[in-house]
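Only one structure is covered here, and it is reproduced in the block below.
Numbering (full-length UniProt numbering), first residue to last: 1 to 307.
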């Protein structure tokens, strides 16, 4: 669900309306005791920069013996960007990758022409229980890279730039910000960063990218006199420098980049500039033409029978 903030008198003065183009309220759903809130795609907004899919995972608590079980499934034409605030996920894919992702780290899987992967809680973590809280985003690939060979990269805590001071800590996940550049390689100008802010801290967001948004994962923030709580994606007008004031301990995600080279078609886990390519991917998954996921070959998510 989304709306234009200028049409809602509760959202405040004209200046804030000039800064914020759209406020998106994620759609929440429960997938077996695990809540996901989807902010992108939304009505009136398919992408922000290359980011075409944006899910908040949790926060959720797992009982002893339980955990996350996303069985092997396929992707084409996108990159998965997984970043956790709490908990741990074990990633396996058809390239043979087996990689745990922990808070503050980046898993970047570029699907390209096709990849399958699974996301689970490890057996070790199931024995002690735990939490899961984080973001998984998809970034659409430029047309020239949609059929490139799949790749996987993991960047640990020590690799991602961290900018601290004045009551805030910013971790740069993708792109460039505040004079720092992330080591993550992605074939389109992009921004993705986490900011943890103490009450009273101010986060400046410069208009370095044409498309930008702020997602409030926790806490309350103020922009030009308007107050926004958790679970809101604020799409910013291009060209304006925006200052975000933390009213409480807050965690926000900054995302964006340059506009993508045209709209994309989305069906299930497939993203492409071509409908025919999506039809081919559907057939490939249904007939078993994707490579299996080593170490997780016994199960898979079947192709949905949607129209």
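We treat Cβ as the ideally placed atom computed from N, Cα and C, and that holds for glycine.
Identify which residue in the options has its Cα closest to the Cα of residue i.
i: residue 27; options: 21, 35 and 20; result: 35
i: residue 42; options: 232, 156 and 68; result: 232
i: residue 99; options: 222, 212, 156 and 182; result: 156
i: residue 48; options: 193, 212 and 269; result: 212
i: residue 71; options: 305, 299 and 79; result: 299
i: residue 216; options: 199, 265, 254 and 201; result: 254
i: residue 297; options: 96, 256, 284 and 172; result: 96
i: residue 55; options: 81, 44, 75 and 68; result: 81
i: residue 336; options: 256, 37 and 197; result: No statement about residue 336 is possible, as the shown extent of the chain runs from 1 to 307 and does not include it.
i: residue 359; options: 111, 172, 53 and 256; result: It is not possible to answer for residue 359, since the shown part of the chain is limited to 1 through 307.
i: residue 197; options: 163, 138, 239 and 168; result: 168
i: residue 46; options: 235, 305 and 79; result: 235
i: residue 83; options: 138, 76, 222 and 282; result: 138
i: residue 207; options: 258, 226 and 288; result: 258
i: residue 135; options: 148, 252 and 179; result: 252
i: residue 269; options: 306, 64, 127 and 133; result: 306
i: residue 317; options: 79, 127, 30 and 69; result: Any property of residue 317 remains undetermined from this structure, which presents the chain solely from 1 to 307.
i: residue 69; options: 122, 76 and 44; result: 122
Could you pull out every residue in the same chain whose Cβ sits closer than 8 Å to the Cβ of residue i, ignoring the five residues on either side in sequence?
i: residue 262; result: 143 and 273
i: residue 7; result: Because residue 7 carries a pLDDT of 40, less than 50, the predicted location of this residue cannot be relied on, and the following value inherits that uncertainty. Around residue 7: no qualifying Cβ.
i: residue 265; result: 271, 272, 273, 274, 275 and 278
i: residue 131; result: 58, 59, 60, 61, 62, 86 and 87
i: residue 284; result: 74, 114 and 290
i: residue 149; result: 112 and 113
By the three-class DSSP mapping on this structure, what secondary structure does residue i have?
i: residue 279; result: helix
i: residue 145; result: helix
i: residue 177; result: strand
i: residue 172; result: strand
i: residue 30; result: strand
Give every residue of the same chain whose Cβ lies closer than 6 Å to the Cβ of residue i, excluding the five residues on either side of it in the sequence, and list them in chain order.
i: residue 202; result: 243 and 245
i: residue 248; result: 199, 219 and 220
i: residue 238; result: 210
i: residue 301; result: 71 and 73
For residue i, which residues from the same chain have a beta carbon less than 7 Å from its beta carbon, with the 5 sequence-adjacent residues on both sides left out?
i: residue 125; result: 67 and 88
i: residue 229; result: 216 and 220
i: residue 182; result: 160, 161, 172, 173, 174 and 175
i: residue 204; result: 241 and 243
i: residue 227; result: 220 and 247
May I ask whether a heavy atom of the ligand MN can be found less than 6 Å away from the beta carbon of residue i?
i: residue 229; result: In the structure on display, the ligand MN does not appear, and there are no ligands present to speak of.
Any beta carbon of chain B sitting closer than 7 Å to that of residue i?
i: residue 243; result: The structure shown has no chain B; it contains just one protein chain.
The segment 180 to 191 contacting the segment 240 to 253, beta-carbon criterion three pairs below 8 Å
Contact annotation: the segment 180 to 191 does not touch the segment 240 to 253, with fewer than three C-beta pairs closer than 8 Å.
Quick one: which unbroken beta strand (DSSP E) runs of 3-plus residues sit fully inside the UniProt domain "Pirin N-terminal" (34 to 138)? Chain order, please.
Along the UniProt domain "Pirin N-terminal" (34 to 138), the beta strand (DSSP E) occurs as fully enclosed runs of 3 or more residues at 35 to 40, 51 to 62, 69 to 75, 78 to 86, 89 to 93, 98 to 101, 106 to 110 and 115 to 120, listed in sequence order.
Can you find at least 3 beta carbon pairs, one from the segment 99 to 116 and one from the segment 18 to 25, that sit closer than 8 Å?
These segments do not touch.
Jot down the residue ranges of each uninterrupted alpha helix (DSSP H) in the UniProt domain "Pirin C-terminal" (192 to 290), minimum 4 residues, whole runs only, in chain order.
Qualifying alpha helix (DSSP H) stretches, in chain order: 275 to 286.
If contact is defined by three or more beta carbon pairs under 8 Å, each pair taking one atom from either stretch, is the segment 272 to 292 in contact with the segment 110 to 125?
Contact holds: three or more Cβ-Cβ distances are below 8 Å.
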